[in-house]
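> Attaching a single structure in structure tokens format; questions to follow.
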Amino acid sequence: MAMVGPVTLWLAFFVAIPLVYVFIMSFCSIDESYNIVFKFTASNYERLFNPNYMQIYGTSILVAFLTTILCILIGYPFSFMIARTKWKHKALLYMMVIIPFWTNSLIRIYGWRTFLGTGGWLNHLLMTLNLTSEPIEFLFNKGATVLGMVYCLFPFMVLPLYTAIEKLDQNLLEASSDLGAKGHTTFRKVILPLTMSGVFSGSIMVFIPCLGYFFVSDILLLVYGLSNMIGNLIERQFQSGNNWPLGAALSIILILITLLLVKLYQKAGGDMDSLGV
Numbered sequence: 002m003a004m005v006g007p008v009t010l011w012l013a014f015f016v017a018i019p020l021v022y023v024f025i026m027s028f029c030s031i032d033e034s035y036n037i038v039f040k041f042t043a044s045n046y047e048r049l050f051n052p053n054y055m056q057i058y059g060t061s062i063l064v065a066f067l068t069t070i071l072c073i074l075i076g077y078p079f080s081f082m083i084a085r086t087k088w089k090h091k092a093l094l095y096m097m098v099i100i101p102f103w104t105n106s107l108i109r110i111y112g113w114r115t116f117l118g119t120g121g122w123l124n125h126l127l128m129t130l131n132l133t134s135e136p137i138e139f140l141f142n143k144g145a146t147v148l149g150m151v152y153c154l155f156p157f158m159v160l161p162l163y164t165a166i167e168k169l170d171q172n173l174l175e176a177s178s179d180l181g182a183k184g185h186t187t188f189r190k191v192i193l194p195l196t197m198s199g200v201f202s203g204s205i206m207v208f209i210p211c212l213g214y215f216f217v218s219d220i221l222l223l224v225y226g227l228s229n230m231i232g233n234l235i236e237r238q239f240q241s242g243n244n245w246p247l248g249a250a251l252s253i254i255l256i257l258i259t260l261l262l263v264k265l266y267q268k269a270g271g272d273m274d275s276l277g278v
């Protein structure tokens, strides 16, 4: 009980109170000087249905969906390889996933911007090999944004997949083989169903942050200050837009989406511990 009190106070001060403040602010107004006025209104939530905002929501969900699918397609075989590799090599492969966490994400995304830029190494290599006569603009499109998101969030897919795959009972795979099942049949009817908890967990851990990683699209999709992702929309309201109540309303909606996805994951039988909840 002695430990419960400090933990509760810590969570209340750094989690509950800020969330309550953001929730209250989402119903506030601003005056002509963009100062927050505690004159409560629901207009901020009504503005969320603006057609331009709806388009941004759609773009954000599409980018998050594509990022999640690519992370699954790339991360599953990589996780399977790690789980089935001998221990001395497994540690090396596992470290390849962990090491990017040691470097600030901004630095790594700026590295991609330098690499993909018209004067970057990739264009220089293509022109050196005479594969193109002029630089190709790889940046400032949704493809570059998805690439950046996959690069940042890939480890969040690999780690839960690796945990789920490593728990596979080898006897089940051998039994499937003894019964005449081919490799793809064993994967579809045995391996995939038994590791779906890792797929679901990794999907949640990739999809949710992808909606809020505004700095990735800021760097790779920035076109005249307009990066059409919900995270960028929220960031602009708190920065250049000086409309904190609207930004708070957008943040509350994003939190509700997060809670909904986590609840759906829980209903599907997912392990909340794997999400760090």
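The sequence shown begins at 2 in my numbering and counts up by one. Beta carbons: idealized from backbone N, C-alpha and C, even for Gly.
For the putative contact between F215 and L107, defined by C-beta atoms under 8 angstroms, what is the C-beta separation to the nearest angstrom?
To locate residue 215, count along the sequence shown from 1; it is residue 214. To locate residue 107, count along the sequence shown from 1; it is residue 106. 11 angstroms between Cβ atoms; not a contact.
> Look at L222 and L140 and say whether their C-beta atoms are less than 9 angstroms apart.
Position 221 of the sequence shown holds residue 222. Position 139 of the sequence shown holds residue 140. A contact, by the Cβ cut-off of 9 angstroms.
> Take V159 as the anchor and find which of P78, T187, R189 has the nearest alpha-carbon.
As a first step, residue 159 is located in the sequence shown; it is residue number 158 there, counting from the start. Among P78, T187, R189, the Cα nearest to that of V159 is on P78.
> Among the residues of its own chain, which have a CB less than 8 angstroms from the CB of L260, if the five just before and after it don't count?
What you label residue 260 is simply residue 259 of the sequence shown in a count that begins at 1. Excluding sequence neighbours, L260 sits near nothing in its chain.
> Between the Cα of Y58 and the Cα atoms of N244, N233, G242, P246, which residue gives the shortest distance?
Here residue 58 refers to the residue found at position 57 of the sequence shown. Ranking the options by Cα distance to Y58, first place goes to N233.
> For Y54, tell me which candidate among S241, I231, N243, N244 has the shortest Cα-Cα distance.
Within the sequence shown, the letter at position 53 stands for residue 54. Checked all of S241, I231, N243, N244; the closest Cα to Y54 is I231.
> From E135 to T119, what distance separates their C-alpha atoms?
Looking up residue 135 in the sequence shown gives position 134. Looking up residue 119 in the sequence shown gives position 118. Near 9 angstroms, if we compare the C-alpha coordinates of T119 and E135.
> Give the DSSP-derived three-state secondary structure of T259 in the structure shown.
Along the sequence shown, read from residue 1 onward, the residue named residue 259 stands at position 258. Reduced to three states, the DSSP call for T259 is helix.
> Go ahead and label M206 buried or exposed: buried means 16 or more other beta carbons lie within 10 angstroms of its beta carbon, across all protein chains shown.
Counting from one through the sequence shown, the residue named residue 206 turns up at place 205. Burial call: buried.
> Cβ of S177 within 9 angstroms of Cβ of K190?
Taking the sequence shown and counting its residues from 1, one reaches residue 177 at position 176. Taking the sequence shown and counting its residues from 1, one reaches residue 190 at position 189. Closer than 9 angstroms, so yes.
> Let's see if you can read the secondary structure: which residues bound the alpha helix (DSSP H) around M230?
Your numbering for residue 230 matches position 229 in the sequence shown. Segment: none, M230 is in no alpha helix (DSSP H) and carries neither H nor E.
> In chain order, what residues of the same chain have a beta carbon less than 6 angstroms from the beta carbon of I220, not counting five sequence neighbours either side?
Along the sequence shown, read from residue 1 onward, the residue named residue 220 stands at position 219. Excluding sequence neighbours, I220 sits near I110, R114.
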